[in-house]
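J.: Got a structure for you, written out below as structure tokens; questions coming shortly.
Printed below as a string of structure tokens:
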């Protein structure tokens, strides 16, 4: 079953649900965040980078669970779509492009390991590359390069992305897997296979 | 989380209007085009002009009460204000004032105000879009007119079903977790510390994933997503939709052109040269 490369309906529904729940939580967070951002004045815009990684956690999390190409990009675009179409984001449909870029950034390290390695190092790399993609995108949209605080923006986004995007994705994925809701996914199968060494899972295709 | 009635996620306002009847795909494409065009200018006049032309027209065509629009836009105000504040103090240019050791520059004020207005204009148009567009109708239209594959359409619709139940599920989980806390007094407000919010968020995610798996099994059992399907309530695509696109994009284009001819238009590349 895992030999099938394309995304199945089951995969897509899982991605849509992840996108919807995370989109809803972001939306709730923004409602709380607004007042705080206003209170911080000029530093409010800088402080958003502290949470920047959290906006991108869907991509490495989905890739960890489904383990197929393009999953990170698809889930980020779906999350952006949900925010634009159902929750009315002030960023507007440009968020779809942001989702594409951030998803691609977060997924790149997994693609480089051909979706076979899910150690902590790959998740850190995913956070770093997501941060770089995100900063490049912000530079184009808001002209950050001509501002004074570019190094701060880059540094905060990097730290935040490694912690809240890369490492949190693995922690969250493992915690979700322990509850049993991911038993029918690639992550659940991999965990079962790892729990019984020597006996490969019946649906694993041996690699020559 | 109480600012917006949660049951309304992705549901159009109940009344009928010119915008309600337009094709959702066309509306989405117009919104995308206008917000992309607004990425170019960083002066104050251009986004203001586009906003003055499009936002009242859109609100009128959607018969959106001014109060609804204002309340929804108030949610974007902090984001806009913080864009203004950060740009005012972090850009090079003529120093106008010093506030708490930070230099407020003319260029900074111009760019900041422009980005803030852009946020409000795009936000207001997005609000008009969501207030006049039904989620399921949009998905049907995207499937029909934008050739969105059936599997993706059904997956997003399943996600939409989950989204509709999320506010209620969130409240239920928060109350259930609070009621199990032995140290809690009767009638005390729900705890707002990060740990209890994170616990509730995790439970919400688990419940939603479980619901999603049931939904996808049901969809597969009924053969949905396995091949081409007919559509129950097809969404029409008519000449009026072309007229909407022409008028909206024409107005946006005219505003950009007028601003350029009047010498108001500034972009990231002309920003430095025009304000030494």
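Protein chains in written order, with full-length UniProt numbering: chain A, 1 to 208; chain B, 1 to 276.
By construction, the Cβ of each residue, glycine as well, lies at the ideal position given by its N, Cα and C atoms.
Note that the structure is predicted; figures quoted are calculated from it, not measured.
(1) Consider the Cβ of residue 154 of chain A: report whether some Cβ of chain C lies at a distance smaller than 9 Å.
(2) Residues of the segment 84–99 of chain A in Cβ contact with chain B at a cutoff of 8 Å, in chain order, please.
(3) Using the rule of at least 16 other Cβ atoms within 10 Å of the residue's Cβ for burial, across every protein chain shown, is residue 143 of chain B buried or exposed?
(4) In the segment 33–117 of chain B, which residue ranges form an unbroken beta strand (DSSP E) of at least 3 residues, counting only runs that do not cross its ends?
(5) Any heavy atom of the ligand GDP inside 8 Å of the beta-carbon of residue 36 of chain A?
(6) Compare the Cα-Cα distances from residue 28 of chain B to each of B:251, B:265, B:244 and report the closest residue.
(7) What does residue 148 of chain A touch in chain B if you count any residue whose Cβ is under 7 Å from its own?
(8) What does DSSP give as the partner residue(s) for residue 147 of chain A in the beta ladder?
(9) Output, in chain order, the set of chain B residues within a Cβ distance shorter than 7 Å of residue 24 of chain A.
(10) Taking Cβ-Cβ distances below 8 Å as the criterion, which residues of the segment 97–120 of chain B are in contact with chain A?
(11) Just to make sure I have the definition right: I need the residues of chain A whose C-beta is within less than 7 Å of the C-beta of residue 62 of chain B. Which are they?
(12) Going straight from the alpha carbon of residue 43 of chain A to that of residue 145 of chain A, what length do you get?
(13) Skipping 5 residues on each side, what residues in its chain have a beta carbon closer than 6 Å to that of residue 17 of chain B?
(14) Can you find the residues in the same chain that come closer than 7 Å, C-beta to C-beta, to residue 106 of chain B, ignoring five residues on each side of it along the sequence?
(15) Quick check on DSSP: helix, strand or coil for residue 196 of chain A?
(16) What's the call for residue 49 of chain A, buried or exposed, on a 16-neighbour Cβ count within 10 Å?
(17) Just to confirm, is the Cβ distance from residue 215 of chain B to residue 161 of chain B under 9 Å?
(18) What residues in its chain sit with their C-beta under 8 Å from that of residue 167 of chain A, if we drop five residues either side in the sequence?
(19) Is there a C-beta anywhere in chain B that falls below 9 Å from the one on residue 28 of chain A?
(20) Quick check: the segment 154–170 of chain A against the segment 127–142 of chain A, are at least 3 beta-carbon pairs closer than 8 Å?
(21) Would you be able to state if there are at least three C-beta pairs under 8 Å between the segment 87–98 of chain A and the segment 111–130 of chain B?
(22) With a cut-off of 8 Å, do at least 3 Cβ pairs link the segment 187–205 of chain B to the segment 225–238 of chain B?
(23) Expressed to the nearest angstrom, what Euclidean distance is found between the alpha-carbon atoms of residue 191 of chain A and residue 185 of chain A?
(24) Check whether the Cβ of residue 169 of chain A lies closer than 9 Å to any Cβ atom in chain B.
(25) Could you name the residues of chain A that residue 35 of chain B contacts, counting a contact when the two beta carbons are closer than 7 Å?
(26) Just the chain B side, please: which residues come within less than 9 Å of residue 131 of chain A by C-beta, in chain order?
(27) Kindly list, in the order they appear in chain A, the residues whose Cβ is closer than 8 Å to that of residue 158 of chain B.
(28) Counting pairs of beta carbons, one from the segment 107–117 of chain B and one from the segment 41–60 of chain B, are three or more of them closer than 8 Å?
(29) According to DSSP, is residue 257 of chain B part of a helix, a strand, or is it coil?
(30) With 9 Å set as the bound, which would you pick, yes or no: does the beta-carbon of residue 1 of chain A sit closer than that to a beta-carbon of chain B?
(31) Residue 20 of chain A touches chain B at which residues, Cβ-Cβ below 8 Å?
(32) Nearest chain A C-beta to residue 135 of chain B closer than 9 Å, yes or no?
(33) In whole angstroms, give me the CA-to-CA distance for residue 108 of chain B and residue 102 of chain A.
(34) Can you tell me whether residue 189 of chain B is buried or exposed? The criterion is at least 16 other CB atoms within 10 Å of its CB, across all chains shown.
(35) Going along the chain, which residues of its own chain have a beta-carbon closer than 7 Å to the beta-carbon of residue 58 of chain A, five neighbours each way excluded?
(36) Please check if any C-beta of chain A sits within less than 9 Å of the C-beta of residue 13 of chain B.
T.: By the coordinates alone:
(1) Among the chains of the structure shown, chain C does not appear; the protein chains present are A and B.
(2) 84, 85, 86, 87, 88, 89, 90, 91, 92, 93, 94, 96
(3) Residue 143 of chain B sits buried, since 16 or more C-beta atoms from the chains shown fall within 10 Å of its C-beta.
(4) Every beta strand (DSSP E) stretch that sits fully inside the segment 33–117 of chain B and reaches 3 residues is listed by chain position as 95–99, 102–105.
(5) No copy of the ligand GDP appears in this structure; indeed no ligand is present at all.
(6) That would be B:244, whose Cα lies nearest to the Cα of residue 28 of chain B.
(7) 90
(8) B:91
(9) Under a criterion of Cβ atoms nearer than 7 Å, the residues of chain B adjacent to residue 24 of chain A are, in order, 163, 166.
(10) 102, 111, 115, 119, 120
(11) Those do not exist, as residue 62 of chain B stays about 13 Å from chain A at its closest Cβ, beyond 7 Å.
(12) 17 Å
(13) Excluding residues up to 5 positions away in sequence, 62, 63 lie with their Cβ nearer than 6 Å to the Cβ of residue 17 of chain B in the same chain.
(14) 93, 94, 96, 275
(15) Reduced to three states, the DSSP call for residue 196 of chain A is coil.
(16) With a 10 Å radius around the Cβ and a threshold of 16 neighbouring Cβ atoms, residue 49 of chain A comes out buried.
(17) Yes, these two residues count as a Cβ contact at 9 Å.
(18) 120, 123, 124, 127
(19) yes
(20) yes
(21) yes
(22) no
(23) 10 Å
(24) No, its Cβ sits nowhere closer than 9 Å to a Cβ of chain B.
(25) Those are 92, 93, 94, listed as they occur along chain A.
(26) Near residue 131 of chain A there are no residues of chain B at all, since even the closest Cβ is about 19 Å away, more than 9 Å.
(27) Here the neighbours are 13, 16, 17.
(28) yes
(29) helix
(30) Summary for residue 1 of chain A: the model assigns pLDDT 42, below 50, so the residue's position carries little reliability; its value from the coordinates is reported in the next sentence. It does not: the Cβ of residue 1 of chain A has no partner Cβ on chain B nearer than 9 Å.
(31) 159, 160, 162, 163, 166, 208
(32) yes
(33) 27 Å
(34) exposed
(35) So the list reads 18, 19, 22, 75, 76, 79, once near-sequence residues are dropped.
(36) Chain A, which has no Cβ nearer than 9 Å to the Cβ of residue 13 of chain B, makes this no.
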